[in-house]
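Colleague:
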Amino acid sequence: AQSVTQPDIHITVSEGASLELRCNYSYGATPYLFWYVQSPGQGLQLLLKYFSGDTLVQGIKGFEAEFKRSQSSFNLRKPSVHWSDAAEYFCAVGIIQGAQKLVFGQGTRLTINP
Amino acid sequence: GAVVSQHPSRVICKSGTSVKIECRSLDFQATTMFWYRQFPKQSLMLMATSNEGSKATYEQGVEKDKFLINHASLTLSTLTVTSAHPEDSSFYICSARDSGSEAFFGQGTRLTVV
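Below, the structure written as C-alpha cells:
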C-alpha cells in the first residue's frame with residue numbers, strides 16, 4: 001500500500017539557519033510527489049511538486065526538494081529560514097490511478113527561534 | 115493559481131443537527147473534488163472522492179450515510195454531516211482538481227459539535 005513517512009514530528013531551527021525536512025514514500029510506480037505548507041487553522045498551500053525530469057525541483061518561498069529514487073525520499077530544503085516559515089509541512093504522494101488521490105505524511109511542525 | 119473557496123470557515127452546531135459545508139472552485143472547473151478530515155496535530159485523512167454528476171467514492175471506514183457528499187456541478191461540492199455528534203468535531207478540508215494533475219485546497223472548515 002502507498003504510504004508517506006515524515007520521521008520528524010517537530011523541528012526547531014534558528015532564523016537564518018538552513019532547513020531540511022525529511023520525507024520517505026512507499027509506492028510501486030513512479031510517484032507524483034508534493035510538499036504542502038499549512039498555517040494554523042488554514043488550508044494547504046502547494047510549495048512544490050515533482051512529476052518527472054530534473055530530480056531537484058524549485059518551489060515557492062525559496063524552498064527546493066530533491067527526489068532520490070534509490071532512497072525513496074523527497075526531502076525539502078531551504079538555505080535560510082525566516083520567522084514566517086513557521087508552520088506545518090506535509091509531504092504527499094499522488095496515486096496516479098483513478099482519481100489521483102493524495103496520501104499525506106504525518107506532517108512536521110516547524111518552529112523558528114529568533 | 116486556481117482558487118478553491120470553502121464555506122463556512124467555522125461552524126458550531128448542536129448535537130443531532132446536520133451541517134453543510136460548501137466547496138467551490140472559483141476560476142476553474144473541477145472534474146474531481148476530494149474531502150479530507152484532519153484531527154488536531156495530525157495529518158489529513160481522505161474521506162471521499164467525488165466526480166461531478168456521479169456518486170462519491172468513500173474511503174474504507176467512512177460512513178456514507180453520515181457524511182453525504184454532493185457534486186452537482188463542476189464548481190461546487192457539498193459535504194453534509196448528518197446527525198452530528200461531538201466526535202464529528204474536526205477540521206474538514208476540500209480540494210479540487212481540474213483536468214490537470216494538481217489539486218487545490220480550500221481554507222478548511224472547523225466544525226465543533228456541542
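These protein sequences, in sequence, are chains R and U. For the first sequence, position 105 (counting from the first letter as 1) is numbered 105 according to this note's numbering, and the numbering increases by one without interruption. For the second sequence, position 59 (counting from the first letter as 1) is numbered 173 according to this note's numbering, and the numbering increases by one without interruption. From the three backbone atoms N, C-alpha and C, an ideal C-beta is built for every residue, glycine too. Bear in mind that the values here come from a model prediction, so they are computed numbers and not experimental data.
Listing by chain order, which chain R residues have their CB less than 9 Å from the CB of U:Ser-139?
Modeller: Within 9 Å Cβ-Cβ: nothing; U:Ser-139 doesn't reach chain R, min ~13 Å.
Colleague: Are the stretch 188–195 of chain U and the stretch 137–151 of chain U touching, with three or more C-beta to C-beta distances below 8 Å?
Modeller: yes
Colleague: Between R:Lys-49 and chain U, is any beta-carbon pair separated by less than 9 Å?
Modeller: yes
Colleague: Between the stretch 42–75 of chain R and chain U, which residues of the former have CB atoms less than 9 Å from a CB of the latter, in chain order?
Modeller: Within the stretch 42–75 of chain R, those residues whose Cβ lies closer than 9 Å to any Cβ of chain U are, in chain order, Gln-42, Gly-43, Leu-44, Gln-45, Leu-46, Lys-49 and Phe-51.
Colleague: To the nearest angstrom, how far is it from the Cα of R:Thr-12 to the Cα of R:Ala-92?
Modeller: The straight-line gap from Cα to Cα measures roughly 22 Å.
Colleague: Which residues of chain R have a Cβ atom closer than 7 Å to the Cβ of U:Ser-157, listed in chain order?
Modeller: By Cβ distance, chain R contributes Phe-90, Phe-104, Gly-105, Gln-106 and Gly-107.
Colleague: Find the residues of chain U that neighbour R:Gln-2, judging by a C-beta separation of less than 9 Å, and give them in chain order.
Modeller: Near R:Gln-2 there are no residues of chain U at all, since even the closest Cβ is about 11 Å away, more than 9 Å.
Colleague: So, at 7 Å on beta carbons, what are the nonlocal neighbours of R:Phe-74 in its own chain, with the 5 sequence-adjacent residues on each side left out?
Modeller: Cys-23, Tyr-25, Leu-33, Tyr-50, Ala-65, Phe-67 and Cys-91, listed in sequence order.
Colleague: Let's test the definition: count the other Cβ atoms within 10 Å of the Cβ of R:Glu-88 and tell me whether it reaches 16, buried, or not, exposed.
Modeller: buried
Colleague: Are the stretch 117–137 of chain U and the stretch 102–110 of chain R touching by the rule of at least three beta carbon pairs closer than 8 Å?
Modeller: no
Colleague: Helix, strand or coil for R:Arg-109? Go by DSSP, reduced to three states.
Modeller: strand
Colleague: For the ligand GTP, is there a heavy atom less than 8 Å away from the beta-carbon of R:Val-57?
Modeller: The model on display carries no ligand, and the ligand GTP is accordingly not part of it.
Colleague: By how many angstroms is the C-alpha of U:Gly-175 removed from the C-alpha of R:Val-4?
Modeller: Between the alpha carbons of R:Val-4 and U:Gly-175 lies a distance of about 20 Å.
Colleague: Verify whether the separation of the beta carbon atoms of R:Tyr-27 and R:Ile-95 is less than 9 Å.
Modeller: yes
Colleague: Does U:Ala-217 come within less than 9 Å of chain R when only Cβ atoms are used?
Modeller: yes
Colleague: Please classify U:Gly-175: does DSSP put it in a helix, a strand, or coil?
Modeller: coil
Colleague: Which value, in whole angstroms, describes the spacing of the CA atoms of R:Gly-59 and R:Gln-45?
Modeller: Rounded to the nearest angstrom, the two C-alpha atoms are 11 Å apart.
Colleague: In three-state DSSP terms, what is R:Gln-71?
Modeller: In the three-state scheme derived from DSSP, where H, G and I count as helix and E and B as strand, R:Gln-71 is classed as helix.
Colleague: Would you check if the distance between the CB atom of U:Gly-227 and the CB atom of U:Ala-186 is smaller than 9 Å?
Modeller: Here the sequence assigns Val to residue 227 of chain U, which means Gly is not the residue at that position. No, they are not a contact pair.
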